[in-house]
Amino acid sequence: MEEVGIQKIKLHSILPQSFYARDPRVVARALLGKLLVRRDTRVRTGRIVETEAYLENDPAAHSFRGPTPRNRVMFGPAGHAYVYFTYGMHYCMNVSCQKEGEPGAVLLRALEPMEGIAAMAKARGVKLSTSSTQRELRALTSGPARLAQALGITRERDNGKDLTDPWAELFLAEDDFEAGRVRVTVRIGISKAVDKKLRYVLERNPFVSR
DNA sequence: GAGGAGATCGTCT
DNA sequence: GACGATCTCCTCT
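In structure tokens form, the structure reads like this:
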């Protein structure tokens, strides 16, 4: 029952593989309010407030044209990190869903910073004012590439990692937070299947992207 | 606050 | 050789 960080995240609160071994739409909704934790020299924790589901036979999903070296994690077992590099400069993090052989993933789009905020700011290369404003905190993790940078998530370091390993330096956990109302909208930044409502956000949460 | 351009390179055609 | 599950900075209102 090791405890890490101020929020006292216990190992038994790490989300198990059964959590991820479901339809990405179910996982995307269930992930709202959960915690993403980076545990290395410092602990950085954010609460997930925005996700997107990417399905099997989904033209917008990286897995749509079959497995490649880049997307193979999407075809692997549930509960692993699929981290990809895009636009020549950004990393984005997904969690794999469903079963081995059935591609599916949930993209983490925004977090509410909870602890390790100074370390997040450092990783983002920004200076926070002494009484950091909500605007500044928002800019740390409101967007898939921003949150990846804030938590030091890269393809080289994290792609393919098992997020359910109790000794993982990157994992997802839950506490007693109760997610409120969820709003479902179309996904952002894609050019195919643009009309499918597969984006999930915590209603009235100021840390969602855009 | 909204909108547009540019950055920059891995990946697949 | 084209494009991208994005971000930042700049301009205009």
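Quick note, the numbering used here runs 149 ahead of the 1-based positions in the first sequence. Using N, Cα and C, we set each Cβ at its ideal position, and we do this for glycine too. None of the values given here were measured: they were computed from a predicted structure.
So who's on the other strand from residue i, going by DSSP bridges?
| i | result |
| --- | --- |
| ASP311 | HIS229 |
| ILE197 | LEU260 |
| VAL244 | ALA230, VAL255 |
| ILE339 | None, per the DSSP bridge assignment. |
| THR334 | ARG348 |
| HIS239 | THR235 |
| ALA177 | None; ALA177 has no bridge partner. |
| LEU321 | LEU185 |
| TYR169 | Paired residues: none, contrary to the question. |
| ALA202 | VAL255 |
| ILE266 | According to DSSP, which records beta bridges pairwise, ILE266 is partnered with nothing at all. |
| VAL192 | ARG188 |
How big is the Cα-Cα spacing for residue i and residue j?
| i | j | result |
| --- | --- | --- |
| THR194 | THR313 | 16 Å |
| ARG322 | CYS246 | Position check: residue 322 holds Ala in this sequence, whereas Arg was assumed. Each residue's Cα considered, the two are about 16 Å apart. |
| PRO262 | GLY253 | 26 Å |
| ALA317 | LEU184 | 14 Å |
| VAL255 | ARG336 | 12 Å |
| GLY265 | ALA299 | 10 Å |
| SER278 | PHE224 | 43 Å |
| ARG178 | LYS248 | 18 Å |
| PRO165 | VAL186 | 14 Å |
| VAL333 | SER281 | 30 Å |
| CYS241 | GLU205 | 19 Å |
| LYS167 | LEU257 | Note on residue identity: the sequence assigns Ser, not Lys, to residue 167. The alpha-carbon atoms of SER167 and LEU257 are separated by roughly 19 Å. |
| GLY338 | TYR236 | 12 Å |
| ARG171 | ASN243 | 14 Å |
| GLU285 | VAL275 | 9 Å |
| PRO226 | ARG273 | 31 Å |
Are the Cβ atoms of residue i and residue j separated by less than 9 Å?
| i | j | result |
| --- | --- | --- |
| ALA259 | PHE326 | no |
| ALA297 | HIS239 | yes |
| ALA328 | GLY228 | no |
| PRO208 | LYS341 | yes |
| SER358 | GLY250 | no |
| ARG221 | LEU319 | no |
Around the Cβ of residue i, are there at least 16 other Cβ atoms within 10 angstroms (buried) or fewer (exposed)?
| i | result |
| --- | --- |
| LYS310 | buried |
| ARG295 | buried |
| ARG353 | exposed |
| SER361 | With the chain covering only 150 through 359, there is no way to say anything about residue 361. |
| THR290 | buried |
| ALA267 | exposed |
| TYR169 | buried |
| VAL176 | buried |
contact_flag[the region 208–223, the region 161–171] where n(CB pairs < 8 Å) is 3 or more: no
Check whether the region 296–311 touches the region 225–236, taking contact to mean three or more Cβ pairs, one atom from each stretch, closer than 8 Å. yes
Three-pair Cβ contact test at 8 Å for the region 346–354 versus the region 197–211: yes
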